[in-house]
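Residues 1 to 289 in UniProt numbering are what the sequence shown lists, from first letter to last.
A short worksheet on the structure shown next.
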Amino acid sequence: MPTKMRWKRGWRYYVECYENVLAMHVPGQLDTGYRLDVMRFSSLALGVLLVTCVPVLRTTASSMDRSYFENHYVDPPPAPPKHTEDGRNALRLEYYKWPNGVVPYIISEGFSAQEQAAILEAMNVLQQQTCVYFIPKTADQREHIRFVRSQWGCGSAIGFRRGQSEPLDVTLDTFCLELSGAIQHELLHVLGLFHEHTRPDRDEYVEVFWDNIEPEFQQNFVKGSWEYMETFGLPYDYGSLMHYPSFAFAKAGTSVTMVSRWNSSYPLGQTDGASFYDIQKVRYMYPCP
1 MPTKMRWKRG WRYYVECYEN VLAMHVPGQL DTGYRLDVMR FSSLALGVLL
51 VTCVPVLRTT ASSMDRSYFE NHYVDPPPAP PKHTEDGRNA LRLEYYKWPN
101 GVVPYIISEG FSAQEQAAIL EAMNVLQQQT CVYFIPKTAD QREHIRFVRS
151 QWGCGSAIGF RRGQSEPLDV TLDTFCLELS GAIQHELLHV LGLFHEHTRP
201 DRDEYVEVFW DNIEPEFQQN FVKGSWEYME TFGLPYDYGS LMHYPSFAFA
251 KAGTSVTMVS RWNSSYPLGQ TDGASFYDIQ KVRYMYPCP
């Protein structure tokens, strides 16, 4: 049960009980080896169902800066050349992977020492849980990413772009730089992950209220295609770092743009860091030797 609550700069710090979101309605799929030690359900005043007491940091809808998800929409990756032997899996799993799981990077000017450290830490968090490596770019490496300081908004392309002569920019503003989870979000895009709520099968798990979405941002909720997306047979992850919150791009006077079909009050997305299934997807894409 939560033992402490206090407010600071729009954040709520508390000891809460939680579990991987999918485990709640997929009996027998609790994972006790990854940030989980399931004890019992509890319910907070915020209406969040949680399991396992651990210290965490969460945002609330009112405190979450819109720039965190404002610029995350990116177009589907360009179609790869159709000369692979096994079309679908090869197209989805191989062509957009960084060779050998190595992602060369440069950090452009404009970041403070503290912000640079935050970027390095976010890369390190993902490296420790997967078999990908972010390394400083060398002169002989062409394809690479470049971290760029943004005045407002965060964004990145999805996956490796073979033959790309220009760097793939990862833009980060002040808000995102204060959240390791936000930086990790963009890095997961770089590695090839799409937004969870754009999975081709998402309508089985969430309901989208199109009339509540600001028209210019409805494209952010368009489902992807199995032609270039892969779920690796993993459950839909309501708690994915790659999932929009329920209030994303809501019109004035409306409250939600998307809810869980399992429980309409259930929270969507989070900003703490890559979820268990986020990491599993990366590990499927970039298998350890």
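Beta carbons: idealized from backbone N, C-alpha and C, even for Gly.
Beta-bridge partners of residue 155 (DSSP): 171. Assignment of residue 142 by DSSP, reduced to helix, strand and coil, places it in the coil class. Out of 117, 108, 101, 170, the CA that lies nearest to the CA of residue 134 is found in 101. A direct Cα-to-Cα measurement between residue 167 and residue 108 gives close to 11 Å.
Rounded to whole angstroms, the Cβ separation of residue 206 and residue 257 is 10 Å, and the two are not in contact under 8 Å. Counting the other CB atoms within 10 Å of its CB gives residue 288 a total below 16, which places it among the exposed residues. In this structure residue 240 does not touch residue 189 by the C-beta definition: roughly 12 Å separates them, more than the 8 Å allowed. Looking at 275, 176, 249, 179, the one whose alpha-carbon comes closest to that of residue 219 is 249. Exposed is the label assigned to residue 112, since fewer than 16 other Cβ atoms lie within 10 Å of its Cβ. Boundaries of the beta strand (DSSP E) harbouring residue 259: 258-260, taken from the DSSP string. When secondary structure is reduced to three states using DSSP, residue 221 falls in the helix class. Secondary structure note for residue 186: its alpha helix (DSSP H) is the uninterrupted segment 180-191. Residue 230: not part of any alpha helix (DSSP H); DSSP gives it neither H nor E. For residue 207, the enclosing beta strand (DSSP E) begins and ends at 206-208. Under the three-state reduction of DSSP, residue 283 is assigned to helix. Here residue 279 has 129, 130 as same chain residues with Cβ atoms under 7 Å from its own Cβ, once five neighbours each way along the sequence are excluded. Contact check between the region 167-181 and the region 192-199: fewer than three CB pairs, one atom from each, fall below 8 Å, which does not count as touching.
Under DSSP, the beta-bridge partners assigned to residue 134 are 103.
Taking a contact as a CB-CB distance under 8 Å, the pair residue 183 and residue 144 does not count as one, their CB atoms being some 17 Å apart. Classified as buried, residue 180 has 16 or more neighbouring CB atoms from the shown chains inside 10 Å of its CB. Residues of the same chain with their beta carbon placed closer than 7 Å to that of residue 114 are lacking, with the five preceding and five following residues left out of the count.
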